[in-house]
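Residue numbers (this note's numbering), protein chains in the order written: chain C, 572 to 1223; chain P, 771 to 1096. Just so you know, even glycine gets a beta-carbon here, dropped at the ideal spot from N, CA and C.
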Amino acid sequence: MTISDERSSEVTGPVSGHPHETRKLSWTQRPGLLSQNLLTAIVLGVIGYLIGHWFGNYLSSGYDYISNSGQNSIANTLALAFGVVGWLGGIGALNYPFAKLFGVDGLEEESPVDNWTKYFRYSLDHKVVGLQYVVGVLLFMFTGGLLAMAIRTELLNPTTHYFSPDTYIKIVSEHGTIMMMMATSIIVGPLGNYFVPLMIGSRRMAFPRIEALSFWIFTAGYMVIFSALPYGGFPTGWTGYAPLQTQSGPGMVSYLLGFAVIGTGMILAGFNQAVTIINYRAPGMTWSRVPVFVWSILATAALLTLATPVLFAGGLFGLLDKTVQTAFYVNEHGGNAYLWQNLFWFFGHPEVYIMALPGFGIAGELLPVFCRRPLFAYKISSAGMIGVALLSFFVWQHHLFQSGINPDMRPLFMLTTELISIPTGFIYLVGMGTLYRAKIRFELPMLFVLALFFNFLIGGVTGVFLSDVPVNVTVHGGFFVLSHFHYTIMGGLLFAFMAGLYFWLPKMTGRMMNKKIGKVHFWLMFVFFNLTFFPMFIIGLLGQPRRVFTYATNLQGLNDFSSISAYILGFSFLVFFYNLVYSLWLKPEIAPANPWESLGLEWQTATPIPSYNFERIPVIMTEPYRYSEEGAPTYADFGTKDAPDSSTPTKA
Amino acid sequence: MANQTNTTGTVHHLRRMATVWVILSVIGDILFSIFVAPHVPPGRLTETAAKDQTDFNILFEMALPVLFGVWIYLAYALYVWGDKRNKNAAFSGEAARTNMKTQVWWMVITSVTVLFLAGFGTWALVVDHGSGGGQGPNPAFAPAGGLKAETAALLGKATWSPGSTNVLPVQVIGQQWKFTYRYPTFGGFESSQLILPANTTIAFNVTSLDVIHSFWAYELGVKADANPQVNDVAFTTTKNPGSFMVRCSELCGIWHGSMFNSGQVESQTAFENWATTTEAANAANTALLPAFAWTYVPDANGADGGYYPTNDPYSTVETYGSKQPS
Ligand code: HEM
Ligand SMILES: [Cu+2]
Ligand SMILES: [Cu+2]
């Protein structure tokens, strides 16, 4: 009896001893309108919002107002909080916990609804959640992108203004916050949830309910942060520094609560990923046989679970300051505004690696496929990612070099920050080593990976400039920083996300993405990304601070150049959306079983992937990425005769 | 035999890349140091600005070979090992999974570079008395006489005259949305103009009356956050006369973008002239200001008050603006 036989009961048999027929369908599983779905979530969300608002006013009307706004911040906070709970209850996330709470047992766990409506429901299938996440992050990104276009429009001219300074700063703040929240999930959410179980040979995530919950919290967080706009926005940028935070209007509540909500989702997602990767690997998948993408998600998961609680606490303090008049961040009343900066960046710096590591993982995963050779220095690559993750907790004060806090600590934080470039450099060793004497195939995903190496290099090298305290004096708080982090997040993570989508969408949807449109998308995005952001380094060096609606007139040429490039960059995303529509619906082209001739476990499953992923749990036989050895042992033994033989990749 | 061709092939590839790399890096660095380096911000108006510029240039000259190295490698790899040249080669990439020597060299080179940079940055920070960055109330890296001048300023005993080597303390007060400057050496008068004497070490004392701002005197190579209730000290030594720009570089609310003005480094006698005339002309106003202090608490009518109302009649805190006629 092999191990896989032992586990197969998970698929067919009921979890408990109940006979199959007597078990009730959960509300999330019923077909038709008499069930819980997106609509009920919206309805209950609105009802929750109204109740919370009423309750807040009932509790506190008459004595608690946000300065200058005439609004009651307790009512706003409770409205949003109740709205989130209503949303989660409406979608069905609370059914199971409540059933357990009241001793009701035996809800049917498997989903009988197997049509398109499952994407609008609370689904425990990691593949459904993965696709839901794809749509979610694209929506997030689209919103943030529109705001970016507005920013670049305002910066077309230093003296003619399209927005009032008030509106402008709120656009910048909303753009930054939405993008940062989106970017923390952009790979872990869609591709992590979808592919990690497949790549480690598991039938599911460790905690399917927590997985679904993290997605629906993510969507709730999106709405909470978006609610800042109708509330009048917040003027603090994505960093939300106190005391400006304490001074601002009701949009600030959305920011603080939004981070708390999204943060909860991040903690849950990270925790779930970590447990899954550690405990659900198929037999034979030792740590030296784990795909690098999974390594990167594991390192990211560690950051998500360990760093995000700090943000949560920081946001909570801010909310208390705003609602019940505590003074965590108010110097005059015994608090300290530096506390926010410390808490925020103690989270914020690990956060930037949450937004880098999954990109490295995708690069490492895709390179061998398109280089037709093993990943160079596999161990170094995972060590690099773990090293980055660990070190990232010891650098946060490099954001506070000029803040007047701990001046004698600056050499230390300069050192730790620069040390991080050693493990980050490993990724380049791995990348360049893998390219060495490869047989490079210039497929779309590969182009995005190569672009990542190009862009992230510029982002990384300018990071060293920023970490040097004397240089930091000139570049801190200016467009140089802005350009630096767009190079790492957008040039790195977003390009990796695109690589991942072009690579894996054929598996997820069964359709190939159109190559011609994809090439147009790639070249527009790559060229105009650089043309948009490279001038910003110079703009920054020439003295333009961040978050300003006006600037020195001699900088108009560069700013206009950047703005016009940004429009074309924005257009390239429309090309991408068009490609999605074209390849999925207008002119669908059925994807071959293994279009890239990958040896990865995820490609060895049937298409469409059955809800239990693997007929039998595979047994991992050898290291991944043995691309250059014809006749090498197969990566995994599926225990079936008819399973595709992974040692001889074929184009179907 | 395969091994044989492998190593000779390796030497051959690496030699080609290295040649191009060395040539390009040398040319790039030379062109940079001739044509760009002298103009790199923030210029050389003060000692700190000059050192910040030198630092930037050294970093850039080190970064350029790194960029070129990776770019040349990528370009070479894509050109030579692209599949256009080796069609249908499913298993033909090189099989080596690791190479100990390469890994060790990589780590040694990156570590040495990084440690050198950190050491160099620290050295620059220390010998340059904080490089013009805000160091908080207890500056860790102060120039000779800096701390003495600070204490004297608070006691109202600071002195400065043309030719003296005394450090000149200047207070920068940020508020939504402007900077003003107080000169404790000249009776603590307050001005919206920032005039500094040439060839003098200045101690900027930066604070705020409301939210966080950041005092960025661009050409001086000075940047220090203005925090309420905090005295953030930054040092610089001016050289020749010249003008400079001041911008706020920490988001402070809706008019953050227009929080800028300009300042002037003047000859020592011109400065003394300006300071003494302004002190006399402003005397009536100065009498209404709170006594010179490192930090101030705004009151309900001062700097956009209303959120920390100190209406307490028994409060012992001097509030900024409380003595101003309504
Ligand atoms: C079309 C693409 C984009 C363009 C043209 C763009 C442009 C800009 C500009 C001009 C600003 C600065 C405004 C200022 O400080 O004066 C900005 C800020 C920012 N952007 Fe983007 N951006 C784009 C995409 C992204 C992406 C993908 C991310 C992250 C995932 C991102 C994250 C941020 C953040 C965090 C800020 C800082 C906001 C703040 O100051 O608080 N942006 N963006
Ligand atoms: Cu950081
Ligand atoms: Cu400002």
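When 8 Å is used as the limit between beta carbons, Met1003 of chain C is near these residues of chain P: Val840, Tyr843, Leu844, Ala847, in chain order. Of the residues assessed, Pro808 of chain P falls on the exposed side of the cut-off, its CB having fewer than 16 other CB atoms within 10 angstroms. Residues Pro932 of the same chain have their beta carbon placed closer than 6 Å to that of Glu1042 of chain P, with the five preceding and five following residues left out of the count. Counting only the Cα atoms, Thr1065 of chain P lies some 45 Å from Thr880 of chain P. A distance criterion of 7 Å places the beta-carbon of Met1084 of chain C beyond contact range of ligand 1, judged by its closest non-hydrogen atom. Taking one beta carbon from each stretch, the region 764-772 of chain C and the region 801-817 of chain C have fewer than 3 pairs nearer than 8 Å; the two do not touch. A Cβ of chain P is located within less than 8 Å of the beta carbon of Glu903 of chain C. Of all residues in the region 1131-1142 of chain C, none comes within less than 9 Å of chain P when Cβ atoms are compared.
One alpha carbon belongs to Leu990 of chain P, the other to Gln816 of chain C, and they sit about 30 Å apart. Assigned with DSSP and collapsed to three states, Tyr812 of chain C falls in coil, not helix or strand. The closest CA to that of Thr883 of chain P, considering only C:Gln703, C:Ile991, C:Tyr1122, C:Phe1100, is found on C:Ile991. For Leu1053 of chain C and Ile742 of chain C, the gap between their C-alpha atoms comes out near 15 Å.
Within the same chain, Cβ atoms closer than 6 Å to the Cβ of Arg952 of chain P are found at Gln941, Gly958, Glu960, the five residues on either side in sequence being excluded. Ala840 of chain C has its Cβ no nearer than 7 Å to any heavy atom of ligand 1. The DSSP-derived three-state label of Pro1189 of chain C is coil.
In the three-state DSSP reduction, Arg786 of chain P falls in the helix class (H, G or I).
Unbroken alpha helix (DSSP H) stretches of 4 residues or longer found wholly inside the region 989-1020 of chain C: 992-1006, given in chain order. Using a Cβ-Cβ cut-off of 7 Å, Trp1044 of chain P is close to nothing in chain C; its nearest Cβ partner there is about 25 Å away. In this chain, the alpha helix (DSSP H) harbouring Met770 of chain C covers 764-770. Residues Ala754, Ile1060, Leu1064 of the same chain have their beta carbon placed closer than 6 Å to that of Met926 of chain C, with the five preceding and five following residues left out of the count. If you keep only unbroken alpha helix (DSSP H) runs of at least 4 residues inside the region 1064-1100 of chain C, you get 1066-1080.
Distance between Pro913 of chain P and Thr987 of chain C, taken at the CA atoms: about 26 Å. Look at which beta carbons fall closer than 6 Å to any heavy atom of ligand 3; those residues are P:His983, P:Cys1018, P:Glu1020, P:Leu1021, P:Cys1022, P:His1026, P:Met1029.
Per DSSP, the unbroken beta strand (DSSP E) holding Met1015 of chain P starts and ends at 1012-1018.
Just so you know, the alpha carbons of Pro835 of chain P and Trp687 of chain C end up roughly 54 Å apart. The shortest C-alpha to C-alpha distance from Lys1010 of chain C to any of P:Asn975, P:Asn969, P:Gly852 is the one to P:Gly852. Across the structure, Ala923 of chain P and Val937 of chain P are spaced so that their CA atoms are roughly 10 Å apart. At a cut-off of 8 Å between beta-carbon atoms, Ala910 of chain P makes contact with chain C.
A distance criterion of 7 Å places the beta-carbon of Val966 of chain C in contact range of ligand 2, judged by its closest non-hydrogen atom. Less than 8 Å divides the Cβ of Gly1002 of chain C from the Cβ of Phe1024 of chain C. In this structure, C:Gly811 is the residue among C:Pro945, C:Gly811, C:Pro994 with its C-alpha nearest to the C-alpha of Phe915 of chain C.
Between ligand 2 and Val881 of chain C, a heavy atom-to-CB distance of less than 7 Å is absent. At least one C-beta of chain C is nearer than 8 Å to the C-beta of Val884 of chain P. Bridge partners of Tyr953 of chain P according to DSSP: P:Phe959. DSSP places Ala1063 of chain P in the coil class of the three-state scheme, outside both helix and strand. Look at Ser744 of chain C: its beta carbon is less than 7 Å from one of the heavy atoms in ligand 1.
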